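> Below is the structure I would like to discuss, written out as structure tokens.
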């Protein structure tokens, strides 16, 4: 969605939805950026004169990331001469630099009452200088680069239709010799917005040819070639002096000479290549019967850039000497062999079992080498589960427990965790208690009621298994005095973490807390933060760049380095200055919620900073951002199994939340984050503000805002939010995933959506959607919430589909997109038809391809659309759907 703002009474500017990733990534490797305004973290601070000319503004892109731009529009007055000058730009040794400018410009004819002096061009200049702090440069000192004109200007109609018309122009300046230069822009009477400016130079990147390495080389000041002398790679020697020429466009040309392998070495392509050394610094993070392995790349890559990793698993006997290969029931995520990243999650291990994992690095010549592949070994022991003896003391409203630590803990015991709930009420409500001590009193229980208890221990390596269930009933009246041994009941139970002896103690340690506790139930909200979020020293955080903006302040990426821990990437939400105490409480409430969750498909809270300013929330960093944006960016690029894997992760996270009694209320692809391994994690636990500030939300007749397109009917009508309403929303998320981020219900209004759902309409299967997945969506959209599947059922269903990919081959009966908003057509031209379905931007494409009459378009194929330049999958589907409607409504088409 574009960002629109109004210039007083005269100018409407339309800025495109550019994201920082577009400015920071995907540039050719032979380009080096000197200045990029899209990556600016604050004001650009350029010089503008006169002061009433160019104006610096801040706008938000589609991901709420702040962008700094400049605009000017003094068209009502003649003889304009408005200058804008950048800061000093160091040239970094480059003799020739390129300037890429993106801008929007208003059509003078669309401005009523504007005199004929209105312009649709502006001028660009530069000035070389060794001084980085010049405060004034005379106009006559500048050297003109060019007059810049817009290929496309926009009008008032474009603003109304929210049509983006972004111009991109690239110019270059050569033969630079001083330390740097200034750029300047002169406006002589135009309505213009400078959206972004990027200054870069080209180089010939490091290359290896004929066993000779040629370093990064900056191109010459003009089109002349730069001669570069190469150096022989390891284990080779000169046969004839190696040389190449670096061209002006950053490409290597005219290789001369070569190196040859020394005696005893064999040439392979451009290197005397060899297998890599072993991976280094392995780290294992154990959690129950799963383990995450991470390691550093080999110190020696073997002279190649194609190093990949494989992990071999062996199960070992108690002596650690007799080992056999692991069974096929052990799973590796994302895979066991051919890993491109140094990390793997291994699941479904056996409890109380020794495992040995060997991690090997290989490259393209490993199989040619007679030497064994280099490996690093990691040994772990999964959590133990053994019998325990339990003693308990009970009264009419409390039960007191005490225990010894395990004999052989799998690391240092950090805390013990006890879970309990009323018998037969587990799915409705249960409570988790935690303590670092060995005693606990559970209070506030109902008299004469049976409760079920389970215990586990947590070490530095993670949680052990919960053991077997212990049923204990509170008395109908108080029991005998504390210390009466006749009142002790002895039971046997299975507890994770080792042999735990639960004995009666006179002094008891009281700990209580619910599985999910709403922060607003605390009399002191700050206590909720202290209970559920770890305080982090601000000195351990390094902020690197702004990646977005939230309700309370900026969102940045950075690094966190805790003592004795490895450095990790994190996302940092900061509370802007001038906040009220209520804003501080609301800001930290999200941390109070996230801190109660511990699941691989829930965004992980690392901690908070509350003892200094700014107040911050630190979470794990998700490299690929929100799921909806990620899917749109990679439209059609994933296999159906990969998409189902994403759905499975989301469902697993929601099962965890549901089991804890937490209702999300705003489950949507925009609130799912994706990391570099395509792992999807549920996020956005901002309580009511999630709905109040959601752009997709709409007011309902019962008050408050609700994201209509994702919300179950009973939640819209009666504000009845439950796990069942989250299941409805999950069905919409499934639809978003299969359609690669298509907007649910397309351009239907919120009221039309509510009416259609009430009348029984459900979203049709997206194109190429497996039948079983659409059926699962329909199950999630049952009108009666009691008939919808539980998240546990959904996870099981998706697991079966992943294990049996053939079940995904049968597609739903939807060869093209069924858009319920497609009107009956009464049109006479192709242009009218395209306007009717809001695809008017493709008029020139159709005309150029020769489709000038309605009868000609009736048999357009998908491949033909692609050839015509209609490459967005969503647009292809909409056009094909409309053509199908033209076939079906032929009597309404006036040809």
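In mature numbering (1 follows the signal peptide of the UniProt record, and there is no 0), the protein residues as written are -23 to -1, 1 to 872.
Just so you know, even glycine gets a beta-carbon here, dropped at the ideal spot from N, CA and C.
All figures in this text were calculated on a predicted structure; none of them were measured in a lab.
Would you say residue 717 and residue 612 are within 9 Å of each other, going by their C-beta atoms?
Along the chain shown, read from residue 1 onward, the residue named residue 717 stands at position 740. Along the chain shown, read from residue 1 onward, the residue named residue 612 stands at position 635. Taking 9 Å as the Cβ cut-off, residue 717 and residue 612 qualify as a contacting pair.
> Determine, using beta carbons only, whether residue 635 and residue 703 come nearer to each other than 9 Å.
Walking along the chain shown from the start, residue 635 turns up at place 658. Walking along the chain shown from the start, residue 703 turns up at place 726. Yes, Cβ-Cβ distance for residue 635 and residue 703 is below 9 Å.
> I'd like the span of the alpha helix (DSSP H) that includes residue 716, first residue to last.
In the chain shown, the residue the question calls residue 716 occupies position 739. Element bounds for residue 716: n/a, residue is neither H nor E.
> Taking three-plus beta-carbon pairs below 8 Å as touching, is the segment 552 to 570 in contact with the segment 602 to 612?
They do not touch, by the three-pair rule.
> Could you pull the DSSP bridge partners for residue 417 from this structure?
On the chain shown, residue 417 is found 440 positions in, with the first residue counted as 1. According to DSSP, residue 417 bridges with 378.
> Taking its Cβ as the centre, do 16 or more other Cβ atoms sit within 10 Å of residue 873, making it buried, or is it exposed?
Only positions -23 to 872 of the chain appear in the structure, and residue 873 is not among them; the question remains open.
> Relative to the C-alpha of residue 72, which candidate in 646, 152, 390, 148 has its C-alpha closest?
Along the chain shown, read from residue 1 onward, the residue named residue 72 stands at position 95. Per the Cα distances, 152.
> Indicate the three-state DSSP secondary structure (helix, strand or coil) for residue 218 in the structure shown.
On the chain shown, position 241 is the one that residue 218 refers to. Three-state result, residue 218: strand.
> Which term fits residue 857, buried or exposed, when burial requires 16 or more other beta carbons within 10 angstroms of its beta carbon?
For the purposes of this step, residue 857 is taken as the residue at position 880 of the chain shown. With 16 or more Cβ atoms within 10 Å of its Cβ, residue 857 is classed as buried.
> In terms of DSSP beta bridges, what is residue 705 paired with?
Mapped onto the chain shown, residue 705 falls at position 728. Partner(s): none; residue 705 has no beta bridge.
> In whole angstroms, what separates the C-alpha of residue 160 from that of residue 315?
Translated into positions along the chain shown, residue 160 becomes position 183. Translated into positions along the chain shown, residue 315 becomes position 338. Each residue's Cα considered, the two are about 48 Å apart.
> Count the other CB atoms, across all protein chains shown, that sit within 10 Å of the CB of residue 719; report buried if there are 16 or more and exposed otherwise.
Translated into positions along the chain shown, residue 719 becomes position 742. Buried, since its Cβ has 16 or more Cβ neighbours within 10 Å.
> Rounding to the nearest angstrom, what Cα-Cα distance links residue 660 and residue 648 in this structure?
In the chain shown, the residue the question calls residue 660 occupies position 683. In the chain shown, the residue the question calls residue 648 occupies position 671. The straight-line gap from Cα to Cα measures roughly 6 Å.
> Got a sec? Which residues, its chain only, sit under 7 Å from residue -3 by beta carbon, not counting five neighbours each side?
One-based indexing of the chain shown puts residue -3 at position 21. Residue confidence for residue -3 is low, a pLDDT of 37 falling below 50, so the modelled location carries little weight; the figure read from the coordinates is stated next. Hits under 7 Å: none found.
> Short of 7 Å in beta carbon distance, which residues of its chain neighbour residue 769, apart from the five on each side in sequence? Order them along the chain.
Numbered from 1 along the chain shown, position 792 holds the residue referred to as residue 769. So the qualifying residues of the chain are 632.
> Quick one: what's got a C-beta closer than 6 Å to residue 708's C-beta in the same chain, skipping five residues either side?
For the purposes of this step, residue 708 is taken as residue 731 along the chain shown, with counting starting at 1. Once the five neighbours on either side are set aside, the close Cβ partners of residue 708 are 754, 757, 758.
> Rounded to a whole number of angstroms, what is the C-alpha to C-alpha distance between residue 690 and residue 425?
Translated into the one-based positions of the chain shown, residue 690 becomes position 713. Translated into the one-based positions of the chain shown, residue 425 becomes position 448. Taking the straight line joining both Cα atoms gives about 40 Å.
> Please report the distance separating the alpha-carbon of residue 860 from that of residue 76.
In the chain shown, counting from the first residue as 1, residue 860 sits at position 883. In the chain shown, counting from the first residue as 1, residue 76 sits at position 99. If you take the alpha carbons of residue 860 and residue 76, they lie about 44 Å apart.
> How many angstroms separate the CA atom of residue 9 from the CA atom of residue 74?
Reading the chain shown from its first residue, position 32 is the one you call residue 9. Reading the chain shown from its first residue, position 97 is the one you call residue 74. If I take the Cα positions, the gap works out to 10 Å.
> What are the complete alpha helix (DSSP H) segments, minimum 4 residues, inside the segment 755 to 796?
As far as the segment 755 to 796 is concerned, its whole alpha helix (DSSP H) runs of at least 4 residues are 768 to 780.
> My output table needs one value for residue 723: the three-state DSSP class, helix, strand or coil.
Taking the first residue of the chain shown as 1, we reach residue 723 at position 746. Residue 723: coil per DSSP, three-state reduction.
> Using DSSP with H/G/I as helix, E/B as strand and the rest coil, what is residue 652?
Sequence index remark: in the chain shown, residue 652 carries index 675 (1-based). Three-state result, residue 652: coil.
> Under the three-state reduction of DSSP, which class applies to residue 60: helix, strand or coil?
Against the chain shown, residue 60 aligns to sequence position 83. Strand, per DSSP.
> What is the residue span of the beta strand (DSSP E) that residue 13 lies within?
On the chain shown, position 36 is the one that residue 13 refers to. Counting along the chain, the beta strand (DSSP E) containing residue 13 begins and ends at 8 to 13.
> Identify the residues that DSSP records as bridge partners of residue 953: which are they?
In the structure as shown, the chain begins at -23 and stops at 872. Residue 953 is therefore absent and cannot be evaluated.
> Count the other C-beta atoms from every protein chain shown that fall within 10 angstroms of the C-beta of residue 630, then say buried if there are 16 or more, exposed otherwise.
For the purposes of this step, residue 630 is identified with residue 653 of the chain shown, where counting begins at 1. When all chains shown are included, residue 630 counts as buried.
> In whole angstroms, give me the CA-to-CA distance for residue 143 and residue 204.
One-based indexing of the chain shown puts residue 143 at position 166. One-based indexing of the chain shown puts residue 204 at position 227. Using only the alpha carbons, I get a separation of about 39 Å.
> Tell me whether the segment 119 to 133 and the segment 84 to 95 touch, counting them as touching only if at least three CB pairs, one residue from each stretch, are closer than 8 Å.
Yes, they touch.
> Just to confirm before moving on: does the CB-CB distance between residue 644 and residue 603 stay below 9 Å?
As a first step, residue 644 must be located in the chain shown, where it is residue number 667. As a first step, residue 603 must be located in the chain shown, where it is residue number 626. Contact: no.
> From 70, 543, 625, 714, pick the residue whose C-alpha is nearest to that of residue 261; which is it?
The residue labelled residue 261 in the question sits at position 284 within the chain shown. Of the candidates 70, 543, 625, 714, the one whose C-alpha sits nearest the C-alpha of residue 261 is 543.
> Should residue 811 go down as buried or exposed, given a rule of 16 or more other Cβ atoms within 10 Å for buried?
Counting from one through the chain shown, the residue named residue 811 turns up at place 834. With 16 or more other Cβ atoms within 10 Å, it is buried.
> Residues in the same chain with beta-carbon distance under 8 Å from residue 291, minus the five sequence neighbours each way, listed in chain order, please.
The sequence position of residue 291 within the chain shown is 314, counting from 1. The residues are 300, 301, 302, 303, 332, 333, 334, 335.
> Taking residue 292 as part of the beta strand (DSSP E), name the residues at either end of that continuous run.
The residue labelled residue 292 in the question sits at position 315 within the chain shown. Here the beta strand (DSSP E) through residue 292 covers 285 to 293.
> To the nearest angstrom, how far is the alpha carbon of residue 829 from that of residue 806?
Locating residue 829 in the chain shown gives position 852, counting from the first residue. Locating residue 806 in the chain shown gives position 829, counting from the first residue. Going by the C-alpha atoms only, they are around 8 Å apart.
> Specify whether the segment 177 to 192 and the segment 226 to 236 touch according to this definition: at least 3 beta carbon pairs, one from each stretch, less than 8 Å apart.
Yes, the segment 177 to 192 is in contact with the segment 226 to 236.
> Using the three-state DSSP reduction, which class does residue 618 fall into: helix, strand or coil?
To locate residue 618, count along the chain shown from 1; it is residue 641. Reduced to three states, the DSSP call for residue 618 is helix.
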